[in-house]
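Asks:
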Amino acid sequence: EAGVTQFPSHSVIEKGQTVTLRCDPISGHDNLYWYRRVMGKEIKFLLHFVKESKQDESGMPNNRFLAERTGGTYSTLKVQPAELEDSGVYFCASSRRTSGSVGELFFGEGSRLTVL
Amino acid sequence: GESVGLHLPTLSVQEGDNSIINCAYSNSASDYFIWYKQESGKGPQFIIDIRSNMDKRQGQRVTVLLNKTVKHLSLQIAATQPGDSAVYFCAENPYSSASKIIFGSGTRLSIRP
Chain C
24 EAGVTQFPSH SVIEKGQTVT LRCDPISGHD NLYWYRRVMG KEIKFLLHFV KESKQDESGM
84 PNNRFLAERT GGTYSTLKVQ PAELEDSGVY FCASSRRTSG SVGELFFGEG SRLTVL
Chain L
33 GESVGLHLPT LSVQEGDNSI INCAYSNSAS DYFIWYKQES GKGPQFIIDI RSNMDKRQGQ
93 RVTVLLNKTV KHLSLQIAAT QPGDSAVYFC AENPYSSASK IIFGSGTRLS IRP
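Chains as they are written, first to last, in our numbering: chain C, 24 to 139; chain L, 33 to 145.
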């Protein structure tokens, strides 16, 4: 079974540009999460999809970030325009959980974003 | 000015010894706790979890202990091996949230040969 895959593994852009990160969850996992770790800080929750619906987007830092999951399969996270403080590693995770607590999350290897 | 990020605590252990990694959590309403292992260049990997109605849970070479009185969580790794070198994160799932887990700052475990 393929794990969670993320693309690109590393992106270097200039301040003000746009970047789109993609996540393909494990097949059959309805739950998809985005987390990020900015330099030296903890890994922090961004948002949670159940199929194509946003269940919780309380961690999204501002309206420069837009996440989508059309069709309930893969997800994209767009940053527009990117700022220096957006640099970090963006992780995607998926799970089968149907109710109750979060359960076991399967993380991808992350997309490293460097904003110059 | 320059921002100063959090520095990971580190733990150095002799190969073959037991490792104990500690974590303090903040939310007394959290009812589910997880330990993750992150190797260089990879995403966090689930190790073991425990619910708040338990105080101990064992896996293969790992044991998690939960002390709700002092809001403390620990991960014990038996007979530490070179492959155990990684950053270890504790995480809590607040009862109020079916979506998010809150990660701690992590502990870097290094193994001395």
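Don't be surprised by glycine CBs; every beta carbon is placed ideally from N, CA and C. Quick caveat: nothing in here was measured; it's all calculated off a predicted structure.
1. Which of the three DSSP states, helix, strand or coil, is assigned to C122/L?
2. List the residues of chain L whose Cβ lies closer than 8 Å to the Cβ of D53/C, in chain order.
3. Is A123/L closer than 8 Å to G136/L when the C-beta atoms are compared?
4. Compare the C-beta of G39/C with all C-beta atoms of chain L and state if any pair is closer than 8 Å.
5. If we ignore side chains and look at the alpha-carbon of each, how far apart do L105/L and V96/L end up?
6. Can you give me the start and stop residues for the beta strand (DSSP E) that V112/C sits inside?
7. Which stretch, first to last residue, makes up the beta strand (DSSP E) that contains H104/L?
8. Kindly list, in the order they appear in chain D, the residues whose Cβ is closer than 8 Å to that of G73/L.
9. Under a three-way DSSP split, which group does E108/C fall into?
10. Go ahead and label L107/L buried or exposed: buried means 16 or more other beta carbons lie within 10 angstroms of its beta carbon, across all protein chains shown.
11. Across the stretch 82-91 of chain C and the stretch 55-69 of chain C, are there enough close Cβ pairs to call them in contact, namely three or more that are closer than 8 Å?
12. Going straight from the alpha carbon of L136/C to that of Y113/C, what length do you get?
13. If the criterion is Cβ atoms closer than 8 Å, does the pair E75/C and G94/C meet it?
14. Taking 8 Å as the threshold (C-beta atoms), are I79/L and Y64/L in contact?
15. Is the CB-CB distance between Y127/L and T139/L below 8 Å?
16. So if I threshold CB-CB distances at 9 Å, which residues from the stretch 63-93 of chain L count as touching chain C?
17. Does L128/C get closer than 8 Å to chain L when you measure Cβ to Cβ?
18. What residue ranges within the stretch 32-103 of chain C form continuous beta strand (DSSP E) runs of no fewer than 3 residues, ordered along the chain?
Replies: Working from what's here:
1. strand
2. None at all; the shortest Cβ gap to chain L is about 13 Å.
3. yes
4. no
5. 7 Å
6. 111-118
7. 104-109
8. Judged by its chain identifiers, the structure shown contains no chain D, and its protein chains are C and L.
9. helix
10. buried
11. yes
12. 7 Å
13. yes
14. no
15. no
16. D63, Y64, I66, Y68, Q70, G73, K74, G75, P76, Q77, F78, D81, R83
17. yes
18. 33-36, 42-47, 54-61, 67-73, 76-79, 88-91, 98-102
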